[in-house]
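Our numbering numbers the first residue of the sequence shown as 261 and each following residue consecutively. Using N, Cα and C, we set each Cβ at its ideal position, and we do this for glycine too. One structure is given here, and the rest of the page talks about it.
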Amino acid sequence: MCFSAEASFVSSAVLTMAGVATLKQAKNPSQLPLAALPLIFALHQFSEGLLWLSQSNDLPPGLVDFLTRAFPFIAYVVWPILVPLAVSRLEDSAERRKLLLSCQTVGVVLGLFYLYYIAKGPVTAVFINQSIHYDFYFSFWILSQWLYGFSIIGATFLSSHKIITVFGVGLVISYNIAKQFYLASYPSVFCHLAAWLSLIIFLEVKYGEGFRWGQDKKQDPVSAEQTG
261 MCFSAEASFV SSAVLTMAGV ATLKQAKNPS QLPLAALPLI FALHQFSEGL LWLSQSNDLP
321 PGLVDFLTRA FPFIAYVVWP ILVPLAVSRL EDSAERRKLL LSCQTVGVVL GLFYLYYIAK
381 GPVTAVFINQ SIHYDFYFSF WILSQWLYGF SIIGATFLSS HKIITVFGVG LVISYNIAKQ
441 FYLASYPSVF CHLAAWLSLI IFLEVKYGEG FRWGQDKKQD PVSAEQTG
């Protein structure tokens, strides 16, 4: 999502292959929202790669406007809605799902607010320091960033799946790296790093049930019968 068109297209290609492999590993419908994340990141990367090309190619204004809105739409509307949902779908515990519902609710409300402002516009993209700064008006920007973190990072920290929690820790580290070194365009850089982090989702879909916290770990039916 940043650095160059080539970087975005390479990332998109890798994530597409990983995304297809991840979807093939999904054993039940509850895993599908999570398994779809790498493919959505691939689309995200590809759209920004095309936007990079607008610097040196005469792309139709309508296409440039669409691509400029595509990044914030996926970053600010899709992610806060989809990530808490994907994490919640993996949970067996009703209590944990209730906790995750707070992240889902915040994510949906926030995503709809973002959608309104993105659709209303204007949305601009400025190429700065080998990255892209997206700008659009939002009435409570600072608060929205905390709510954004609560919906996405909060959901990963509430998960009973250790790999999901590791993914969340990686997101926190990536956010701070992006904010520290690319302040003007940190959302773009953060999403680029998060896209590569999403490769870990393959491990979650394939092996995640074997790596859960404490009492939330599913018990083998035979072992459960013997225990009883």
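Proximity winner among L360, L403, I461, relative to V293 (alpha-carbon distances): Before going further, note that residue 293 is Pro rather than Val in the sequence given. Closest by alpha carbon: I461.
Exposure label - I402; buried when at least 16 CB within 10 Å: I402 is classed as exposed because its beta carbon has fewer than 16 other beta carbons within 10 Å across all chains shown.
Own chain residues within Cβ distance below 6 Å of T328, not counting five before or after: V383, A385
Check: S448 C-beta below 7 Å from any heavy atom of the ligand MG: What this structure holds is no ligand at all, so the ligand MG is not there to describe.
C-beta contact flag for E464 and I423 at 8 Å: yes
C-alpha gap between G381 and S348, whole angstroms: Straight-line Cα distance between these residues: approximately 32 Å.
Pairwise C-alpha distance: G309 and F269: Rounded to whole angstroms, F269 to G309 spans 6 Å at the Cα level.
Given F284 as reference, the closest of A296, V274, A273 once Cα atoms are compared: It is Lys, not Phe, that sits at residue 284 in the sequence shown. For the residues A296, V274, A273, the minimum Cα distance to K284 belongs to A296.
Segment contact flag, the segment 351–368 with the segment 315–335, C-beta cutoff 8 Å, min 3 pairs: As far as the Cβ criterion goes, the segment 351–368 does not touch the segment 315–335, which means the pair count is below three.
Whether I341 touches G371 by CB criterion (8 Å): yes
Exposure label - I433; buried when at least 16 CB within 10 Å: exposed
Environment of G488 [buried if 16+ CB atoms lie within 10 Å]: For G488, the pLDDT reaches just 42, beneath the cut-off of 50, and the residue's location in the model is therefore unreliable, leaving the point undetermined.
Neighbour-count burial assignment, Q390, 16 or more Cβ in a 10 Å radius: exposed
Which residues DSSP lists as bridging I392, in chain order: BP columns for I392 point to F387.
Complete runs of the alpha helix (DSSP H) confined to the segment 362–444 [at least 4 residues]: List check, alpha helix (DSSP H) in window: 401–418, 422–441.
Nonlocal neighbours in the same chain, by C-beta distance under 7 Å from Y397, ignoring five residues either side: So the list reads Y377, once near-sequence residues are dropped.
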